[in-house]
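Trainee: Next up is a structure, given as structure tokens.
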Amino acid sequence: MLASLVHTLPQLVPADGEWISFDVVSLGQNFWSATFDGLTFGAIYALVALGYTLVYGVLNLINFAHSEVFIVGCYGVIFTLTALGFGPSAPNLDIWSIVLNLLLAMLVGMAASALTAFLLERLAYRPLRKKNAPRLVFLITAIGASFVIQYLFYLWRTPNPEPAVIMFKPTPIFDVFGTIIDSQQLVIVIAAVIMMIVVDQFIRRSRTGRGIRAVAQDPDTATLMGVNKERIIVTTFVIGGILAGAAALFYVMKIPSGVQYNGGFVLGIKAFAAAVLGGIGNVRGALLGGLLLGLIGNYGQILLGNSQWTDVVAFVVLVLVLLVRPEGILGTSLARSKA
Amino acid sequence: MKNFFSNLSDKWNSLPRPQQWAFLAIIVVLAFLLPVINPPFITTEPGTNFAITCAQMAVYALVAVGLNIVVGYAGLLDLGYVAFFAVGSYVAAMLTSPDSPFLKIPFLWTVPVAMAVTMFFGVILGVPTLRLRGDYLAIVTLGFGEIIRVLATIIPAMRGQVGFQDVGRPPGVAEDGSPLFANSNGLPWYWLTLVVIIIVLLLVGNLERSRVGRSWIAIREDEDAAEIMGVPVFKYKVWAFALGAAVGGLAGALFAGQIGFVNNQKFDVATSVLFLAAVVLGGAGNKVGAIIGGAVVAYIPLRFTEIAPYKYLIFGLALVLLMIFRTHGLLAARQRLLAYGRAAYARLRKKPVDGPVPTELGGTENKGATA
Amino acid sequence: MSTDSVDEAALAEQGVDLEVAEKAAPDRDYKVQVGDPLIQVQNLTVKFGGLTALDNVSFDIKRGEILGLIGPNGAGKTTCFNAMTGVYKPSSGKVLLEGGSIGGMRRHKITQIGLARTFQNIRLFREMTALENVVVGLDARHRTSVLGALVRSPRHIREEKSSIERGIALLEFVGIADHGETLAKNLPYGYQRRLEIARALATDPKVLCLDEPAAGFNPAEKEELMALIRTIRDDGYTVLLIEHDMKLVMGVTDRIVVLEFGKKIADGLPHEIREDPAVIAAYLGVPEDDIA
Amino acid sequence: MTLLELKNVNVFYGRIQAIRDMSFSVEEGEIVSLIGANGAGKTTTMRTISGLLNPGSGSITFQGEEITKVKAHSRVIRGISQAPEGRGIFPGMTVMENLDMGAFGRSDKSGLAADLERVFDLFPRLKERQKQFGGTMSGGEQQMLAIGRALMSSPKLLLLDEPSMGLAPQFIRQIFNIITEINKQGTTILLVEQNANQALARAHRAFVLETGEITQSGTGKELLANPAIKEAYLGVA
Amino acid sequence: SSGGSSSAGGGSGVNIPAITSVDVPKDAVLPKGDGKATCPSTTTIAFGGAETGANAQLGINIYNGVQLAVNQHNEANPGCQVQFKKFDTEGDPNKATGPVTQMVSDQNILGVVGLAFSGESKATGTIFDDKGLVHITPSATNPELTTKGWKTFFRGLGNDAVQGPAAAKFLTDKLQAKKIYVVQDDSDYGIGLGTSTSGALTGGVLAGTEKVTTGQKDFSAVISKIMNAKADAVFYAGYYAEGAPFDQQLVSKGFTGTFVGPDGVKDDQFIKAAGDASSIAYFTCPCIPGELIPSFQSEYKKLTNAEPGTYSIEGYDAATVLLAGIDAGKQNRADLLSWVKSYDKDGLSKHYKWDDKGELQAPTVYGYKVENGKIVPIGAIGK
Ligand SMILES: Nc1ncnc2c1ncn2[C@@H]1O[C@H](COP(=O)(O)OP(=O)(O)OP(=O)(O)O)[C@@H](O)[C@H]1O
Ligand SMILES: Nc1ncnc2c1ncn2[C@@H]1O[C@H](COP(=O)(O)OP(=O)(O)OP(=O)(O)O)[C@@H](O)[C@H]1O
Ligand SMILES: [Mg+2]
Ligand SMILES: [Mg+2]
């Protein structure tokens, strides 16, 4: 019996060697484009990851519904752009009207996401906090809320993806080693990084930021210092929402037809992984984790020749990093980040 | 509702043992008869066959009991538990399905094999990762779950979405000559799973009321303090993982047999998360609660298939509302961690502090001579 | 073991409550000799970044004594404890228990070979009852395997039964038996402290380390605690005590070690320490009557 | 003038009643001590006054205004500050940041530098360790930090829950001197202490709490002289 | 931008005109029958497939077709009011067992249209077979399904083994593609179709193969490979949910070749989601353009307020087969099963006659393209 088991084992490895074949040539050919695309996605992950990190820092809660906060922002962006007359073909607008329209869409996306985050906090989490619910209960509520939001959109928008909305045709900007970096990639990465820096400075320097950190460490004592805990918590959710709304615009730019009722889930998980990779609760960690995860996934996919590998590679790297640095790359949490 | 449940557990605990057993017997009999009675409002028909619903509820309940060991007792947040369920399913499928190149063994033999293999996976996953704290463990387990699913997709021998058909079944034929454990015959599967649940419950109960259960809870409460009090923290974490995994594998094997088909679609993060919801919904740390939670999570979507588009909306709302109104789960009664705790507490309650020590436990003989 | 070999009358004279002592620690040798060093702390140094919290400290704890460890705030007392119980890794130096080094040993092993402690900030298992908390401590000496627990092996049954006997006895010993069924988190502060002591005792330690056990007690309660600590010693345990309350320290310890800025500045009998000018300067700082 | 007044306050933890029908008042400029055994309800009283716990019934007034329903953080802004039992240090903030947090709810920033100076004078150790994380300070150092932080809010009413806990003898006396000093500078103080001798000696008035009820009250001197109290709380020397 | 421009892009280079009508068999059987049928009021036919889930649109297309057939039948036959029941499987093999068991245990159900997908069909075929309940799938195309020895399974359209080679031929002959990249998803369907298509692409025209995942949204890595290979045509074996963003991203990266998708991609949703990029798309489908049959199109639109979708007409035809049997007095399962087995008549979309395994004897594959934001047929492309 054992012998025949052993005999059949090699069947796990396919004959044509597809199991693991490193397509190094392909990686070489596609290296730079993989890098730039990876960075763009990484920037989007990072913005969403911040929402996880901030809420985690303050409430010690994995806000599983954050992926829905993000997807609502995407709907906001799509609806605005459609209303502004954007459609499946890139419009012929001058740069300023494009920028204006994009800003408007971003504002709406941010508002939609922030409002969702706010409502989520008010309707789902606050009642639990009042009752001193254990942490896991928040997690499950988040999951329930996630279902509710998804299926509201499912019922309203059907299970199909929203029609594509194309904002502008990316124009080549740089040529790096034969690979073209286009305006879209540039806009996304730069804008995301700027936003992250602003948030980072806000948490470190502002009074509210100090309040956030205090609540993160000891909510009761923070209250005794005059910190309005409830307001801090809401603020945190809203900041996370605003960033998710920004991410929504970039996501729609990148994948104009990717908005679907359940479209946030996978991205949400990646963003959460990014947050952990960088060190959950750490603002800079989210940026680093997001960019890294974007890059690793893209390289892995090209190297191993199957998009399935994206996740495997990403998670294997995550596990390896955590084994070496159990608290993520930048370890210290929001609570501990120095001023 | 709140009072109803908390009174219930109070009342329950105040009942004498024989009465508790009698009640339990009634409940068990009712549970066995559930699909036969097929109660009108409760039934999931005509959308889905109720016996099959029951069988699936039972599998989920079993899963929840297993996950409860990991999450409820040891406090290890495992978001990839579905991986063990998957491994169990695949073991059963690959050792019985004609689509598999492996040698074939009778279905019932795959059950212990599945448990052994998943236990092995539990240890493999646990040893490197269980030193991580809290939510870092959560993401690593989530990743593990994804990796198992993706491997099932890309390793050709695992047959991806194509899957394995005609997974084996326990022996036995019905009167009309068809197999007793046909995929469409939920009843025997339900009963089998129920029997398994009862056995697992008894065993888990034994663990709970032993140094093992106490160690788990101590780890959950304060890992450092537990270690300093002499609890081999790492060892018991790995045990929790391995035992939880084994139950998950067991459930997976039964599930594979009942469905008769295994492919990679079921084993995603969303399912993992549902399992977790089952545990928390029931009341983390409470094994009876886990059973109810598992059953509820499996039941709600099947109950509302007639209004198909709304079923997950209802499910989500139910989760949120249940958590808000039953914050500590449906059955929040805490676990009892002492094998002879009832007698001990009774003794503490009755006895004036300085009185002589009664020897009703028979643990030590009365020495009589005190200075 | 049987009680025949013990001179009961003599023990009773010493104030040993035999019944409790036997139940709480049936394997203990009651007739302990104060004398040979049980724990030797040798040149222990602990550094945190640039700060040397413990600087080349050496002292012995002798079998059967109550050793006081005192010193101003931040002197390194808790750090010394943590280094002894494996929470911190010392930068250099070592700790010997009965001649064997415990350096590098896993924390639960250290407990199992006989070093138990309480925490300066209470760390009970909050969702467990008082009795269960104590039984977790008792489990350190138990040997039921997971398999044994699963099938309720005879050893499991035996150990469970003795756990309850000993657990109740320990709760009685520290005086909170009638709160045995209360969840630890719901116990008043003082009872939580007692429970911590009971739980530590449950591991049947050779040395019991108490970190400020009287913090938050009023003087009357402190006196009860002093009595309790004496009883513990009389039951055959060795005790290491960190405490700021001089009355308690002077009243209960057999010997005192004084730390300041991570260094040992004195080591002697209570009355010697009380008059030691270095200690007065560094720590006591005030005339006696002002403290009481 | 009456600064703080509790009327028939009852506080519950779930089904457990921790405070029974408690009424007392604190006059402006006083030091009032609460003493009682472990579990008597002292901390519960403090947390109810600072707003971390909501009374099941009864009312609390501060400066003549009803504050029973006012949120804890707003009470801080009105001038009630608490150094909590167990210290409540922010472990991940530095000593300096912890002190800054003390002034979080403070509206007048004018005296801030002077107050910081005063805290550093009282506890030079804090000045030395400005950059150390609160969580790594020793027990006693944390206690100093907690008191220092409470002082940073320059409150009207300062609630101190066992300020001497964990302090070395030389600091204990200093702490009580500081308390008297702060009081002389105009801050009203409600003090919970196990060190009943000192607490009673320094207090203008004091209450004895037993299982959630006030059983005795009087001036500090009176209670100090009361033999029953001596036996129960001061220990027979 | 170097990808497509060097070679003549199929989309721009070759122009295959749209057809505006298909031949409807003159004596096609229609649901209304002769109007004289009688049957017990309990007589029921059922649909099983995804009503919810990400690929629900296919299921919706089908049951609307079935609903239309039942409505027409009942209107015309006052003496035979057939009931119609829907069972939601979410298209998930693991969820299908319960509903299917329920179907087979409801003795009033005489025949079933479904299940819609290959995976779920595989998981439940035995249950139908055990209980002798005839079912005609209007959309499951995995060839394996007819190799299981089930007596009750019938396929109302050509399988992937037919479509794959047809698609290959379409690509090389009609579209004149020189370098074809085959991308398949991880579904049963995508793998089968992808393999059979790339297998049929002989003579060095296969530029490479690539795999993507169900639920994937970002295809940049795949696309950079395609661009580097300078492919002039891409065949995507999968569903529109991934096909649309894939096509869209392909075009936005400068791809100017042709995009060809199978029946799983051929859906209005594809055009909606891919936007302008869909103009380079062609489709292959073993399905007939129901919208070109005016009677069907207008009735369908009246019922659902939407154009007929992929497989609507297959659902309609399959239901018609069952209804015709009921009308002919085959009012128990065994009779209806043998009725289907020996059926040999035209339906609206094609001739229905099955071999002993349950495959259609003469399936056709149609080609489609996108014109002015609409999917239009370009005629039959396979036998
Ligand atoms: N992890 C750490 N990082 C940096 N400094 C530390 C750390 N732990 C302790 N210290 C410092 O080491 C010194 C000794 O601390 P320790 O806790 O041992 O004091 P202690 O003697 O117990 O004082 P107390 O009586 O106040 O509890 C203190 O100054 C403290 O701030
Ligand atoms: N969270 C809680 N849940 C239930 N009961 C509680 C809780 N906190 C305190 N209690 C109970 O309320 C009573 C009063 O406790 P409190 O902490 O106010 O006492 P205290 O006078 O401050 O005692 P100590 O001197 O020990 O600090 C005690 O019986 C205690 O057990
Ligand atoms: Mg200390
Ligand atoms: Mg207190």
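Chains as they are written, first to last, in my numbering: chain V, 2 to 340; chain Z, 614 to 984; chain X, 271 to 562; chain S, 64 to 300; chain B, 1481 to 1863.
Quick reminder that beta carbons are idealized off the backbone N, C-alpha and C, glycines included.
1. Rounded to a whole number of angstroms, what is the C-alpha to C-alpha distance between G369/X and L308/X?
2. Spatial neighbours of A118/V within its chain, please: CB distance less than 8 Å, with the 5 preceding and 5 following residues excluded, ordered by chain position.
3. According to the Cβ coordinates, are A668/Z and Q871/Z closer than 8 Å?
4. Just to confirm, does T243/S get its C-beta within under 7 Å of one of the non-hydrogen atoms of ligand 2?
5. Consult DSSP for V357/X and reduce its assignment to one of helix, strand or coil.
6. Determine whether the beta carbon atoms of G174/S and S217/S lie at a separation below 8 Å.
7. With DSSP as the reference, label E482/X as helix, strand or coil.
8. Should N31/V be flagged as near chain B, meaning a C-beta pair shorter than 8 Å?
9. Roughly how many angstroms separate the alpha carbons of F178/V and I256/V, rounded to a whole number?
10. Going by the CB atoms, is the gap between Y1780/B and L1590/B shorter than 8 Å?
11. Does any residue of chain Z have a CB that is nearer than 8 Å to the CB of K1697/B?
12. Ends of the alpha helix (DSSP H) at Q185/V?
13. Threshold first: 4 residues or longer. Then list the alpha helix (DSSP H) segments lying entirely within the stretch 1582-1623 of chain B, N to C.
14. I'd like to know if F928/Z contacts chain V, where contact means its C-beta is closer than 8 Å to some C-beta of that chain.
15. H1831/B by DSSP, collapsed to three states: which one?
16. Whose C-beta lies closer than 6 Å to the C-beta of S27/V among residues of the same chain, with five residues either side of it excluded?
17. Excluding the five sequence neighbours on either side, which residues of its own chain have a C-beta within less than 8 Å of the C-beta of D1514/B, listed in chain order?
18. Roughly how many angstroms separate the alpha carbons of V188/V and R206/V, rounded to a whole number?
19. Shorter than 7 Å, the distance from the beta carbon of D481/X to the closest heavy atom of ligand 3, or not?
20. Report the option in L750/Z, W625/Z and P801/Z whose CA atom is closest to the CA atom of V985/Z.
21. Show which residues of chain V have a CB atom less than 9 Å away from the CB atom of A727/Z.
22. In the DSSP assignment, the alpha helix (DSSP H) including T251/S goes from what residue to what residue?
23. D623/Z CB to nearest chain X CB: under 8 Å?
24. Whole angstroms are fine: how far does the CA of A490/X sit from the CA of P547/X?
25. According to DSSP, simplified to helix, strand and coil, what is L951/Z?
26. Does W1630/B pass the burial test, meaning 16 or more other C-beta atoms within 10 Å, or should it be called exposed?
27. Chain X partners of N117/S, CB-CB under 8 Å?
28. Taking only beta-carbon atoms, is E545/X less than 8 Å away from chain S?
29. Residues of chain V with CB under 7 Å from V72/S, in chain order?
30. How many angstroms separate the CA atom of L3/V from the CA atom of F715/Z?
31. Can you find a C-beta in chain B that's less than 8 Å from the C-beta of L3/V?
32. Within the same chain, show all residues whose beta-carbon is closer than 8 Å to that of P290/S, passing over the 5 residues directly before and after it, in chain order.
33. Residue range of the beta strand (DSSP E) that S328/X falls in?
34. In terms of alpha-carbon separation, which member of K1746/B, M1707/B and A1701/B lies closest to A1432/B?
35. How many Å lie between A300/S and K293/S at the Cα?
36. Between the C-alpha atoms of I1751/B and A1724/B, what's the straight-line distance to the nearest angstrom?
Mentor: Let's see:
1. The residue labelled residue 369/X in the question sits at position 99 within the third sequence. The residue labelled residue 308/X in the question sits at position 38 within the third sequence. Looking at the two C-alpha atoms, the distance is approximately 8 Å.
2. Position 117 of the first sequence, counting from 1, holds the residue named residue 118/V. Here the set comprises G52, H67, V70, F238, V239, G241, G242 and A245.
3. Looking up residue 668/Z in the second sequence gives position 55. Looking up residue 871/Z in the second sequence gives position 258. Their beta carbons are under 8 Å apart, which means A668/Z touches Q871/Z by this criterion.
4. Here residue 243/S refers to the residue found at position 180 when the fourth sequence is read from its first residue. No - ligand 2 has no heavy atom lying nearer than 7 Å to the Cβ of T243/S.
5. To locate residue 357/X, count along the third sequence from 1; it is residue 87. The three-state secondary structure of V357/X, taken from DSSP, is coil.
6. Here residue 174/S is taken as the residue at index 111 of the fourth sequence, counted from 1. Here residue 217/S is taken as the residue at index 154 of the fourth sequence, counted from 1. Yes; because the gap between Cβ atoms is below 8 Å, this pair is in contact.
7. Within the third sequence, residue 482/X is the residue found at index 212, counting from 1. E482/X falls in the coil class under three-state DSSP.
8. Stepping through the first sequence from its first residue, residue 31/V is reached at position 30. Judged by the 8 Å Cβ criterion, N31/V is in contact with chain B.
9. Counted from its first residue, the first sequence places residue 178/V at position 177. Counted from its first residue, the first sequence places residue 256/V at position 255. Roughly 25 Å between the two C-alpha positions.
10. Walking along the fifth sequence from the start, residue 1590/B turns up at place 110. Walking along the fifth sequence from the start, residue 1780/B turns up at place 300. No, Cβ-Cβ distance for L1590/B and Y1780/B is not below 8 Å.
11. Counting from 1 along the fifth sequence, the entry for residue 1697/B is found at position 217. Not closer than 8 Å to any Cβ of chain Z, the Cβ of K1697/B fails to qualify, so no.
12. For the purposes of this step, residue 185/V is taken as residue 184 along the first sequence, with counting starting at 1. S184 to R206 is the extent of the alpha helix (DSSP H) around Q185/V.
13. 1598-1611
14. The residue given as residue 928/Z occupies position 315 in the second sequence. Judged by the 8 Å Cβ criterion, F928/Z is in contact with chain V.
15. Indexing the fifth sequence from 1 puts residue 1831/B at position 351. DSSP places H1831/B in strand when its eight states are reduced to three.
16. As a first step, residue 27/V is located in the first sequence; it is residue number 26 there, counting from the start. Excluding positions up to five away in sequence, the list reads I303.
17. Locating residue 1514/B in the fifth sequence gives position 34, where the first residue counts as 1. Correct list, in chain order: D1807.
18. By 1-based counting over the first sequence, the position of residue 188/V is 187. By 1-based counting over the first sequence, the position of residue 206/V is 205. Straight-line Cα distance between these residues: approximately 27 Å.
19. In the third sequence, residue 481/X corresponds to position 211, counting from 1. D481/X: yes, Cβ under 7 Å from ligand 3.
20. As displayed, chain Z neither begins before 614 nor continues past 984, which places residue 985/Z out of reach and without an answer.
21. Sequence index remark: in the second sequence, residue 727/Z carries index 114 (1-based). Chain V residues near A727/Z: none, gap ~15 Å exceeds 9 Å.
22. Translated into positions along the fourth sequence, residue 251/S becomes position 188. Per DSSP, T251/S belongs to no alpha helix (DSSP H); it is in the beta strand (DSSP E), T251 to V255.
23. Counting from 1 along the second sequence, the entry for residue 623/Z is found at position 10. Interface criterion not met: the Cβ of D623/Z is under 8 Å from no Cβ in chain X.
24. As a working note, residue 547/X is residue 277 in the third sequence. As a working note, residue 490/X is residue 220 in the third sequence. Rounded to the nearest angstrom, the two C-alpha atoms are 30 Å apart.
25. Stepping through the second sequence from its first residue, residue 951/Z is reached at position 338. L951/Z: coil per DSSP, three-state reduction.
26. The sequence position of residue 1630/B within the fifth sequence is 150, counting from 1. Looking at its Cβ environment, which holds 16 or more other Cβ atoms inside 10 Å, W1630/B is buried.
27. Along the fourth sequence, read from residue 1 onward, the residue named residue 117/S stands at position 54. Correct list: empty, because the minimum Cβ distance to chain X is about 19 Å.
28. Within the third sequence, the letter at position 275 stands for residue 545/X. No, E545/X does not count as interfacial toward chain S.
29. For this step, residue 72/S is matched to residue 9 along the fourth sequence. Listed along chain V is no residue with a C-beta nearer than 7 Å to that of V72/S; the closest approach is about 19 Å.
30. Here residue 3/V corresponds to residue number 2 of the first sequence, with the count starting at 1. Here residue 715/Z corresponds to residue number 102 of the second sequence, with the count starting at 1. Residue confidence is low: L3/V scores 47 on pLDDT, short of 50, so the model does not pin down where it sits. Its coordinate-derived value is still stated next. For L3/V and F715/Z, the distance between alpha carbons rounds to 11 Å.
31. For the purposes of this step, residue 3/V is taken as the residue at position 2 of the first sequence. Residue placement at L3/V is flagged as unreliable, the pLDDT there being 47, under the threshold of 50; the coordinate-derived value follows with that caveat. No, L3/V does not count as interfacial toward chain B.
32. Translated into positions along the fourth sequence, residue 290/S becomes position 227. None.
33. Taking the third sequence and counting its residues from 1, one reaches residue 328/X at position 58. Its beta strand (DSSP E) spans residues L321 to K332.
34. As shown, chain B starts at 1481 and ends at 1863. That puts residue 1432/B outside it, with no answer to give.
35. Walking along the fourth sequence from the start, residue 300/S turns up at place 237. Walking along the fourth sequence from the start, residue 293/S turns up at place 230. At A300/S the pLDDT is 43, less than 50, meaning the model places this residue with poor confidence and gives no usable figure here.
36. Here the question's residue 1751/B lines up with position 271 in the fifth sequence. Here the question's residue 1724/B lines up with position 244 in the fifth sequence. Rounded to whole angstroms, I1751/B to A1724/B spans 7 Å at the Cα level.
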